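Just so we're aligned, residue 1 is where the sequence shown starts under the working numbering, counting upward by one. In this text, a Cβ means the ideal position worked out from N, Cα and C, and glycines have one as well. Predicted model only: the values in this text are computed from it and were never measured.
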Amino acid sequence: MKNLNHKMLRAFFKTALLLMMGMAFTGCKKYFDPPDVFETQKIVKVKKRKVLLVVIDGVSGADLKAIAPPKITAMLANSKYTWGAYSDYVVSDGANWKNIMTGVSVGKHGVADSTLDVGNSGIGNEHATQTVWPTFIERLQGTGKLKRAVTITTWNTLSNKLFAYADQPILANSDLAVRDSALNKITNGNNELIIANYSEAIKAGIATGFSPSNTAYKNAVLQTDSYIGDMLEAIKNRKTYADEDWLVIVTSTHGGTNNGYGQLEHRDAERKVFTLYYYQGFKGQEFEASAFMDAVKFSSNSITARLSGNDADMYNLGNTGDYTIEFRLRIHAFGTLNSTIFFKSSSPANSSPGWWFIHNGSDGSWRFVVRRGPSGGANKTLTSKDLGAAGPALMVTNRWYRLTAKIYTENSKRYMVIYQDGVKASNPLEITGENIVNSEDLYAGFKSGYGNLTNQTISDIRIWNTALSDAKILENACSTSVSSADPNYGNLIGYWPGNDGLSSYKNYSPLAVGKDLDLAGAYSWEPLPIPTCGADTALPDNQLVFRNSDIFAQIFYWFGVKPDAKWAIDSQEFLSRFEAEFYKSL
Numbered sequence: 001m002k003n004l005n006h007k008m009l010r011a012f013f014k015t016a017l018l019l020m021m022g023m024a025f026t027g028c029k030k031y032f033d034p035p036d037v038f039e040t041q042k043i044v045k046v047k048k049r050k051v052l053l054v055v056i057d058g059v060s061g062a063d064l065k066a067i068a069p070p071k072i073t074a075m076l077a078n079s080k081y082t083w084g085a086y087s088d089y090v091v092s093d094g095a096n097w098k099n100i101m102t103g104v105s106v107g108k109h110g111v112a113d114s115t116l117d118v119g120n121s122g123i124g125n126e127h128a129t130q131t132v133w134p135t136f137i138e139r140l141q142g143t144g145k146l147k148r149a150v151t152i153t154t155w156n157t158l159s160n161k162l163f164a165y166a167d168q169p170i171l172a173n174s175d176l177a178v179r180d181s182a183l184n185k186i187t188n189g190n191n192e193l194i195i196a197n198y199s200e201a202i203k204a205g206i207a208t209g210f211s212p213s214n215t216a217y218k219n220a221v222l223q224t225d226s227y228i229g230d231m232l233e234a235i236k237n238r239k240t241y242a243d244e245d246w247l248v249i250v251t252s253t254h255g256g257t258n259n260g261y262g263q264l265e266h267r268d269a270e271r272k273v274f275t276l277y278y279y280q281g282f283k284g285q286e287f288e289a290s291a292f293m294d295a296v297k298f299s300s301n302s303i304t305a306r307l308s309g310n311d312a313d314m315y316n317l318g319n320t321g322d323y324t325i326e327f328r329l330r331i332h333a334f335g336t337l338n339s340t341i342f343f344k345s346s347s348p349a350n351s352s353p354g355w356w357f358i359h360n361g362s363d364g365s366w367r368f369v370v371r372r373g374p375s376g377g378a379n380k381t382l383t384s385k386d387l388g389a390a391g392p393a394l395m396v397t398n399r400w401y402r403l404t405a406k407i408y409t410e411n412s413k414r415y416m417v418i419y420q421d422g423v424k425a426s427n428p429l430e431i432t433g434e435n436i437v438n439s440e441d442l443y444a445g446f447k448s449g450y451g452n453l454t455n456q457t458i459s460d461i462r463i464w465n466t467a468l469s470d471a472k473i474l475e476n477a478c479s480t481s482v483s484s485a486d487p488n489y490g491n492l493i494g495y496w497p498g499n500d501g502l503s504s505y506k507n508y509s510p511l512a513v514g515k516d517l518d519l520a521g522a523y524s525w526e527p528l529p530i531p532t533c534g535a536d537t538a539l540p541d542n543q544l545v546f547r548n549s550d551i552f553a554q555i556f557y558w559f560g561v562k563p564d565a566k567w568a569i570d571s572q573e574f575l576s577r578f579e580a581e582f583y584k585s586l
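As C-alpha cells, this is what we get:
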C-alpha cells in the first residue's frame with residue numbers, strides 16, 4: 001500500500017511539472033517582452049543670482065537725463081527705470097544711504113546727516129522702540145542666501161558704519177580706484193553682491209555748481225558713466241556668466257542746486273533721482289515720475305498727531321483777534337458721528353472749551369465748533385450743510401478737500417464762517433464775547449470717545465493770526481505750499497505740510513519753530529496723489545512709485561527671500577511683476 005502511494009505521488013509531481021513547463025512555453029509565445037529603452041535625463045541648471053548695486057552721490061534724475069551718459073543710456077533697452085524716483089524727504093547723504101541700506105526712511109531710522117548717527121539734527125523718531133535698523137547685508141547673511149559681499153567706497157564713515165558687515169569692505173582713495181577694485185572683484189571673485197559708490201560728481205557740484213551746463217560737473221557724471229560701462233562689460237566677460245543671473249541697479253542719492261543741497265525750497269527737485277534695474281532679459285520700460293506725496297493715513301483708533309498743551313497756547317482763539325485755520329482732508333472710509341479731524345479741546349463735540357473740526361457721521365458733511373472757557377457756555381456751531389443746495393457738495397471718499405474756518409472782526413463784533421474748497425459753506429455766526437481758550441493739546445486725527453475714527457489723511461495744515469480775504473482763501477484752495485513770498489507769511493503761526501516722512505508733522509512756520517505735531521500709534525507713510533485744483537485723481541493701479549528704500553526689497557526678491565513682516569521695513573517689492581520676462585530668458 002505504501003509503494004502504491006509512493007508511485008502515485010511521483011506520478012502526480014511529474015504531471016504537475018509537465019503542466020508548469022507547458023504553461024511557461026505557452027506564456028513565452030503569448031506575451032511580448034519589449035526591449036529596454038534608455039532615456040537621456042535632462043538636467044536643468046539653476047543660474048546663480050548676483051547683484052551689482054551702483055550708487056552715484058549728488059546727481060538728480062533731471063541732470064542725468066539732460067547729460068544723457070552713453071553707457072547708462074545703452075542699458076535702458078533692458079531696464080525698468082525712471083528719471084523721477086524719490087530719495088528721502090531729508091536731502092542728505094546720510095539719510096539716503098541709510099534708506100538704501102535699511103529699507104526704511106528717516107522717520108524711522110533717524111539718520112539725517114553724514115555722521116550716520118541717530119538724532120544729531122533733531123530729525124527722526126528718537127522715541128521709537130526700535131533704534132537699530134540692520135542693513136540688507138546683515139539681513140541676507142542671516143538667511144544664508146548671502147555668503148560673499150563686497151562694498152567699495154571712498155567715504156570712510158559709510159564703509160565703517162553701513163558696510164561693516166560686508167565680507168570685504170574696501171576703502172578706496174578715488175573713484176578710479178573704486179572702479180578698479182570693482183573690476184577686480186567682478187573678474188576674479190565669486191561674490192553674490194557688489195556695491196560700488198562713486199562720489200566725484202557731488203564733489204564737482206559742490207566745487208563748481210550742480211548743473212548739466214557746468215563742464216566739470218558734466219564731465220564727472222560722464223566719467224562715472226564710463227566706469228559703469230566697464231563694470232557691466234566685466235560682468236559679461238566672466239567665464240561663468242552663462243550660468244549667472246545678474247541684476248544691476250544704478251541709482252543716486254540726491255541732486256543739488258547751485259553749490260549745495262538740502263535747502264527746503266529746492267527739496268522737491270533735489271530728491272528726484274534716477275533709478276535703473278537692469279537685467280539682460282528685461283524689456284526696456286520707463287516709468288514716469290509719480291505725482292504723489294508722502295502721507296499718513298489716520299486709519300486706526302490709535303493714530304494721532306499731537307502738540308502738547310504746553311506748546312499749543314498760541315493756537316487758542318481767545319476772545320479778540322482774527323484767525324484763519326485751513327487744511328487738506330482726504331477721506332478713505334467714513335466713520336460714525338463725531339469722528340474727529342483737527343481740534344484743540346479735551347472733549348470735541350461735548351462740553352469742554354476750545355475749537356474743533358469734526359465729521360457729521362458718514363453723510364459727507366462736517367462742522368466747526370467753538371466753545372468759550374474756562375466757564376463754559378453753549379457750543380457755537382457751523383455745519384457745511386448750512387446753506388443747503390447753495391452750499392458745497394457733500395464730501396466723498398478718495399478726493400482731496402480744503403476745509404477752512406475764519407474768525408474775523410467787523411464793526412466791533414466777532415464772527416466765524418467756514419469754507420470748503422475756498423467757497424463759503426455757511427453764513428457768518430457771531431461769537432462776540434466768547435473766550436475760546438484752554439490748556440489742551442492740539443490734535444490732528446484720532447481722539448478717543450467721540451465716534452469711530454474716520455480713515456482719513458490730514459495735511460497742509462496752516463494757522464494764520466489774521467483773517468484771510470475770501471479771494472485769498474479761494475486762492476489757497478488750489479495752492480500746495482506756502483513760501484516766504486506769500487503776502488501773509490508774517491501771519492503764519494502754524495504750518496505743518498504733513499508730507500515729511502518723519503516721526504512728526506514738522507512745523508515750518510518761522511514763528512513756531514519746534515512746535516511739531518508728533519505722530520503716535522501704528523502710523524506709516526504712504527504715497528497719495530498730490531492735490532490739484534479741480535481734479536480728483538488717484539494713483540493708477542499699475543503705477544510704480546520708485547523709492548530708494550525699495551532697493552532693499554528688490555535685492556531680497558532677487559535672492560529669493562521674503563523680508564520678515566516683523567522687521568517693519570517700508571521697502572516695497574515690485575520686480576515680481578516682470579517675472580515672465582526674466583524667467584523666459586533663462
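Of L232, L502, C533, the smallest CA-CA separation from L519 is found for L502.
R402 is a Cβ neighbour of E326, given a cutoff of 8 Å. For N78, the three-state secondary structure derived from DSSP is helix.
A distance below 8 Å separates the beta carbons of F136 and G103. Linking S469 to D322 through their CA atoms gives a straight-line distance of about 11 Å. Per DSSP, S345 lies in no alpha helix (DSSP H); the unbroken beta strand (DSSP E) holding it starts and ends at 337-345.
In the three-state DSSP reduction, F446 falls in the coil class, being neither helix nor strand. With respect to the 8 Å criterion, L76 and I194 are not classified as neighbours on the basis of their beta carbons.
Ranked by Cα distance from N491, the first of S79, S483, W83 is S483. E192 is a Cβ neighbour of K50, given a cutoff of 8 Å. Burial is judged here by how many other beta carbons sit within 10 angstroms of a residue's own beta carbon; T153 has at least 16 and is buried. At a Cβ-Cβ threshold of 8 Å, A182 and A196 count as neighbours. In the three-state scheme derived from DSSP, where H, G and I count as helix and E and B as strand, I137 is classed as helix. For I186, the CB contacts under 8 Å within the same chain, skipping 5 residues up- and downstream, are L52, I194, M231, A234, I235, R238 in chain order. Here I551 carries a helix assignment [DSSP, helix/strand/coil]. For N452, same chain residues with a beta-carbon under 7 Å away, outside a window of 5 residues either side, are G335, T336, S339 in chain order. Secondary structure at W558: helix, using DSSP grouped into helix, strand and coil.
Leaving aside the five residues that flank G262 on each side, the residues in its chain whose CB is nearer than 7 Å to its CB run, in chain order, V91, S92. Here the C-alpha atom of N301 lies approximately 29 Å from the C-alpha atom of P374. Contact fails between the region 418-431 and the region 553-568, because fewer than three Cβ pairs, one in each stretch, are under 8 Å apart. In this structure, P353 places its C-beta atom within 8 Å of the C-beta atom of R371. Nearest neighbour of S365 by Cα position, chosen from N350, S87, Q554, G391, turns out to be G391.
Fully enclosed beta strand (DSSP E) runs of no fewer than 3 residues occupy 193-198 of the region 191-233, in order along the chain. For L52, the uninterrupted beta strand (DSSP E) segment begins and ends at 48-56. The region 435-445 makes contact with the region 309-316, as at least three CB pairs between them are under 8 Å.
The Cβ atoms of D167 and K47 lie no closer than 8 Å to each other.
For P529, the three-state secondary structure derived from DSSP is strand. In the DSSP annotation of this structure, the continuous segment of the alpha helix (DSSP H) that includes M101 starts and ends at 93-102. L307 sits close to D516, with the two beta carbons spaced by under 8 Å. For V248, the enclosing beta strand (DSSP E) starts and ends at 244-252.
Between F210 and D63 the beta-carbon gap is near 7 Å, inside 8 Å, which marks them as a contact. Residue K424 holds the alpha-carbon nearest to the alpha-carbon of A389 among V417, I458, K424, D564.
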